[in-house]
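Asks:
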């Protein structure tokens, strides 16, 4: 689902990429800032505390050194004051003070020791204590401070040694809690995260807004182009600004106008041409009517004419017949060209229609035909008049070219189609001529005399009629072996032909070759 | 001798028509403009009008309507266009038949003769309460006469003669119009509509001329 959207939508793709990039950049910046800020805060605190503590220790050490000369009570008081003031200061700053004696020293004096009541002494690691004992400097270490009531805090230790005269060496530790610092750092982290999130959102929204402005004209262009393709030549883009997008729209609209003009011009031309053919055919009809009647009147009186005049009147009549046929064929062709041909669909028996057509064309010579057809009716849907015209064209064509040989007519059906094959054993035609056979006024051999009264439009009209029924009309031929025309029609109107019940190549052709 | 009025603006064709029709034993009046038809029609009423569609003045379809307003004379249209639209318009305007140019003169004469033939027969036919007087060429409904063209009368009589028989359009074309070959079945459809609009109380629910779907027409059953 997401993948499909990603492939299909350019704006989705761009927004997606920008969001990912933004998240990466803000994360890197945020993390860097966070680390810098947090380490600065913590280290600063540690450094300052360290300096302060070492100062305090130095001061205390010098006090003790002076106090040793005031006797035990003075010294004790100085030590206790120091411990008390350390605690007091610590209660404000959250600092804990731990003083531990370094063992095995002089035991005759008071041993000072102070540990805050709830502090777990393990908060001070053993290794650190070892380090402090062996060092003269003040040391620091980050630790976790544990309390016996289960609380624990992040913090650090500063440790040093004190020498109390007459008592011995002491380890002194200051424990600083860093929870306040960490809280500030957490606040900063939250602020950074929020700022990053807002930034990403803002960038995504503004990208989307900008993309819309950029892509909307493109989308509109696509929609308009789509409508244009579907034939709505008047659709144009709406232009509301004056930027590059507007120039895209302008160019697009100019292109559309130019195409529309071209198409209109061509349509006009072809309409004019079709109109012309149709008008000519109509206009010729009135003089032809007069001509025909005059010829008939002359023909009626031929008994009293000189034989040459009488024969002439006969030829006149024949040629008028032919002219009339040509005219009606031309008109039919112009109707096909204008796509004005209409179908009158009825259900009828093709078997009966074939026999009727044969009888109509050759009532006396029906012995010329071998008809093989299913015994029962073959009912199909179609325009019976047009299908009869196709059959008449094919059969009269076969009669004209059969040289008197028998003509085989075959009707075969499959579940959804029916084929009519018309096979003659006459002149036939070259294999290479097959594609031109259905061209208007096409002749196989221009030098060959035209024996038939055909108009040269018959097969072309037959093919158009077949196409109107979504059928197939195919031709096979070999010189002097005759021809085979196969008309295949869907039984139900609106379907197309899926299979051919009769093969185009006649089954007897191989046999003929051997012979 | 029957008088045929030939209305055509093509002078040569009009003259040729008159030669052919005179040869077939008819009298001919020639008119070359649509707007001159009614003048002659009133002074010298013809037995049949042969009418071209394309005419100066008023076109043939208009002329046809004007004639039908006052006369039941048979009208045969001459059309150069075999196109559906023209033919249907002519028939709806009241033409009985049409000929597509170019036609053979014998065919024209045969067609005109069919229209002129008065097949006067003795006897009265009925469809329900409709009385068809063949002798007088009258149709009475509730004792009121309904004016029908001769063709419409012939059509109705043909159906009434054999009550219960279903006539296909092809049979009617051959019996009423005299066509030998299959012809345009729209002729039948249009004239049945015209006939119904005259005799039926409700042309959408006919009781005299019934449609048999997919076959043709038959007369409504006679009620007793």
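Protein chains in written order, with our numbering: chain U, 385 to 899; chain F, 62 to 285. For each residue, glycine too, the CB sits at the ideal point set by N, CA and C.
Check this for me: beta carbons of residue 359 of chain U and residue 466 of chain U, under 7 Å apart or not?
Replies: Shown here, chain U extends from 385 to 899; a query on residue 359 of chain U therefore has no answer.
Asks: Any idea if residue 62 of chain F is buried or exposed, counting beta-carbon neighbours within 10 angstroms, 16 or more meaning buried?
Replies: So residue 62 of chain F counts as exposed.
Asks: Quickly, what does DSSP pair residue 555 of chain U with across the bridge? List them, please.
Replies: Paired residues: U:484, U:545.
Asks: So which residues of chain U does residue 141 of chain F contact, with C-beta pairs closer than 7 Å?
Replies: Under the 7 Å cutoff, chain U gives 666, 669, 670.
Asks: Less than 8 Å between the CB atoms is what I'm expecting for residue 802 of chain U and residue 738 of chain U, so what's the real figure, rounded?
Replies: Not a contact, Cβ separation roughly 10 Å.
Asks: Kindly indicate if chain F contains any beta-carbon less than 7 Å away from that of residue 677 of chain U.
Replies: Cβ-Cβ to chain F under 7 Å: yes for residue 677 of chain U.
Asks: Which residue wins for smallest C-alpha separation from residue 213 of chain F, given the options F:204, F:195, F:205, F:225?
Replies: Checking every option, the nearest Cα to that of residue 213 of chain F belongs to F:195.
Asks: When burial is assigned at 16 or more other CB atoms within 10 Å of the CB, is residue 156 of chain F buried or exposed?
Replies: Residue 156 of chain F should be labelled buried.
Asks: If contacts are defined as beta-carbon pairs under 8 Å, then residue 481 of chain U and residue 558 of chain U qualify, I think. What distance do you get, rounded to the angstrom?
Replies: About 6 Å separates the two Cβ atoms, so the contact holds.
Asks: Taking residue 64 of chain F as part of the alpha helix (DSSP H), name the residues at either end of that continuous run.
Replies: Per DSSP, residue 64 of chain F belongs to no alpha helix (DSSP H); it is in the beta strand (DSSP E), 64-68.
Asks: Name the two residues that bound the continuous beta strand (DSSP E) containing residue 574 of chain U.
Replies: Looking at the DSSP string, residue 574 of chain U is not in any beta strand (DSSP E); the run it does join, the alpha helix (DSSP H), is 563-613.
Asks: From this set, U:528, U:634, U:501, which residue's C-alpha is nearest residue 622 of chain U's C-alpha?
Replies: If we check each option's Cα against that of residue 622 of chain U, U:634 comes out closest.
Asks: Classify residue 492 of chain U as buried or exposed, calling it buried when 16 or more other Cβ atoms lie within 10 Å of its own Cβ.
Replies: For residue 492 of chain U, the pLDDT reaches just 47, beneath the cut-off of 50, and the residue's location in the model is therefore unreliable, leaving the point undetermined.
Asks: Ignoring anything shorter than 3 residues or poking outside the stretch 124-154 of chain F, list the beta strand (DSSP E) runs there in chain order.
Replies: Complete beta strand (DSSP E) runs here, min 3: 136-140.
Asks: Which residues in the same chain as residue 549 of chain U place their Cβ atom closer than 8 Å to its Cβ, once the five residues preceding and following it in sequence are excluded?
Replies: If we look at residue 549 of chain U and ignore the five residues flanking it on each side, its Cβ neighbours are 448, 449, 451, 452, 459.
Asks: Could you say if the stretch 628-642 of chain U and the stretch 658-665 of chain U meet the contact criterion of at least three C-beta pairs nearer than 8 Å?
Replies: Not touching, per the Cβ criterion.
Asks: Cβ of residue 850 of chain U less than 7 Å from any chain F Cβ?
Replies: Chain F, which has no Cβ nearer than 7 Å to the Cβ of residue 850 of chain U, makes this no.
Asks: Within the continuous beta strand (DSSP E) that includes residue 714 of chain U, where are the two ends?
Replies: Unbroken run through residue 714 of chain U is the alpha helix (DSSP H), 691-721; no beta strand (DSSP E).
Asks: Run down chain F in chain order and give the residues with a C-beta less than 8 Å from the C-beta of residue 674 of chain U.
Replies: Chain F residues near residue 674 of chain U: 71, 73, 74, 77.
Asks: Where residue 259 of chain F and residue 878 of chain U are concerned, what is the direct C-alpha to C-alpha distance, given to the nearest angstrom?
Replies: If you take the alpha carbons of residue 259 of chain F and residue 878 of chain U, they lie about 39 Å apart.
Asks: For residue 516 of chain U, which three-state DSSP category applies?
Replies: DSSP places residue 516 of chain U in helix when its eight states are reduced to three.
Asks: Verify the CB distance criterion: does residue 708 of chain U have a CB-CB separation below 7 Å to chain F?
Replies: Chain F, which has a Cβ nearer than 7 Å to the Cβ of residue 708 of chain U, makes this yes.
Asks: What is the DSSP secondary structure of residue 424 of chain U, reduced to helix, strand or coil?
Replies: In the structure shown, residue 424 of chain U sits in a helix (DSSP, three-state: H, G or I).
Asks: Using the C-alpha atoms, what's the distance from residue 588 of chain U back to residue 876 of chain U?
Replies: Those two C-alpha atoms are separated by around 58 Å.
Asks: Could you check what DSSP says for residue 867 of chain U in three-state terms: helix, strand or coil?
Replies: Reduced to three states, the DSSP call for residue 867 of chain U is strand.
Asks: Considering Cα atoms alone, identify which of U:535, U:484, U:434 is closest to residue 542 of chain U.
Replies: Minimum Cα distance to residue 542 of chain U is reached at U:434.
Asks: Select from U:415, U:553, U:400, U:560 the residue whose C-alpha is nearest the C-alpha of residue 470 of chain U.
Replies: If we check each option's Cα against that of residue 470 of chain U, U:560 comes out closest.
Asks: Cα separation between residue 529 of chain U and residue 515 of chain U?
Replies: Taking the straight line from one Cα to the other gives about 19 Å.
Asks: Please check if any C-beta of chain U sits within less than 7 Å of the C-beta of residue 65 of chain F.
Replies: So no, residue 65 of chain F is outside the interface.
Asks: To which residues of the same chain is residue 160 of chain F closer than 8 Å at the C-beta, ignoring the five residues directly before and after it?
Replies: Excluding residues within five positions, the ones whose Cβ falls inside 8 Å are 137, 138, 139, 140, 168, 169, 172.
Asks: Could you give the C-beta distance for residue 109 of chain F and residue 134 of chain F, rounded to a whole number, given that I count them as a contact under 8 Å?
Replies: Residue 109 of chain F to residue 134 of chain F, Cβ: 7 Å. Contact.
Asks: Answer with yes or no whether the minimum CB distance from residue 655 of chain U to chain F is below 7 Å.
Replies: Chain F contact via Cβ: absent.
Asks: When DSSP labels each residue in this structure, what does residue 491 of chain U get in the three-state scheme?
Replies: Below a pLDDT of 50, predicted positions are generally treated as unreliable, and residue 491 of chain U, at 49, falls in that range; no measurement from the model is reported.
Asks: Note down the Cα distance separating residue 397 of chain U from residue 407 of chain U, rounded to an integer number of angstroms.
Replies: Roughly 16 Å separates the two Cα atoms.
Asks: Cα separation between residue 896 of chain U and residue 881 of chain U?
Replies: Only weak support is given to the placement of residue 896 of chain U: the predicted model assigns it a pLDDT of 45, under 50, and the value that follows is read from those uncertain coordinates. Spanning the two alpha carbons is a distance of roughly 30 Å.
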